[in-house]
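Participant: Position 100 of the sequence shown, counting from 1, maps to 114 under the numbering used here, and the rest follow consecutively. Got a structure for you, written out below as structure tokens; questions coming shortly.
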Amino acid sequence: MTNKSCKRILKYCLVIIWMIVIFNFSKDPAEVSNGKSGLVIKLITVMGIDVNGIFGKMANFIIRKVGHFTEYFVLCALIVFSLKNEAKNNRKYIIAIIITFLYACSDEIHQLFVPGRSGRVNDVLIDTAGGILAILIYKGIVKLKK
């Protein structure tokens with residue numbers, strides 16, 4: 015196996031691993047998920063940012079939505095990186111955002127079967143927006159390198 019083939023396989027493995035990470039976050043019942051959001055709030059507070067003071071009762075909700083956005087930002091970035099030499103021009107971006115959107119849809123369907131969780135169209139939109147931002151940043155970096 016060539017070095018190029020190994021790199022290609024590794025890139026796709028990273029995408030699959032990240033999809034598993036997202037799935038594992040989604041399988042948590044609502045109480046566990048809220049607890050993790052609370053831990054993130056405590057961590058941010060330790061760093062000197064009073065999230066509860068800024069957002070009040072909305073802090074947990076906002077942290078969860080930022081989490082959604084970030085998970086899918088990373089997923090889409092990994093997909094674009096994997097397709098870097100496979101698809102030309104804007105095709106890799108279209109493929110990446112379609113995969114990101116479809117995985118977000120499947121994630122929300124999955125959450126319908128998790129206690130205390132629900133599937134939300136708004137979350138799919140937030141997830142997809144994370145993917146779109148990843149593409150815009152990637153395209154911006156590519157332009158700067160030229």
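In this text, a Cβ means the ideal position worked out from N, Cα and C, and glycines have one as well. Quick caveat: nothing in here was measured; it's all calculated off a predicted structure.
1) Between the alpha carbons of GLY52 and ASN74, how many angstroms are there, rounded?
2) Taking its Cβ as the centre, do 16 or more other Cβ atoms sit within 10 Å of THR16, making it buried, or is it exposed?
3) Less than 9 Å separating the beta-carbons of ILE149 and TYR107?
4) GLU122: buried (16+ other C-beta within 10 angstroms of its C-beta) or exposed?
5) Need the endpoints of the alpha helix (DSSP H) that PHE87 sits in, please.
6) Compare the beta carbon distance of LYS118 and GLY145 with 9 Å and say whether it is the shorter of the two.
7) Go to SER51, then tell me how far its alpha helix (DSSP H) extends in each direction, as first and last residue.
8) Just verifying my parser: in three-state terms, what is the DSSP assignment at THR16?
9) Fully enclosed by the segment 115 to 147, which alpha helix (DSSP H) runs are 4 residues long or longer?
Facilitator: Based on what the coordinates show:
1) Computed Cα separation, rounded: 7 Å.
2) The residue in question, THR16, is exposed, as its Cβ has fewer than 16 Cβ neighbours within 10 Å.
3) Taking a C-beta distance under 9 Å as the contact criterion, ILE149 and TYR107 qualify as a contact pair.
4) Flag for GLU122 reads buried.
5) Start and end: 73 to 97.
6) The displayed chain sequence assigns Ala, not Lys, to residue 118. Yes, the pair counts as a contact, with Cβ atoms nearer than the cut-off.
7) According to the DSSP assignment, SER51 belongs to the alpha helix (DSSP H) that extends over 44 to 60.
8) THR16: coil per DSSP, three-state reduction.
9) Taking only runs of at least 4 residues, no alpha helix (DSSP H) segment lies wholly in the segment 115 to 147.
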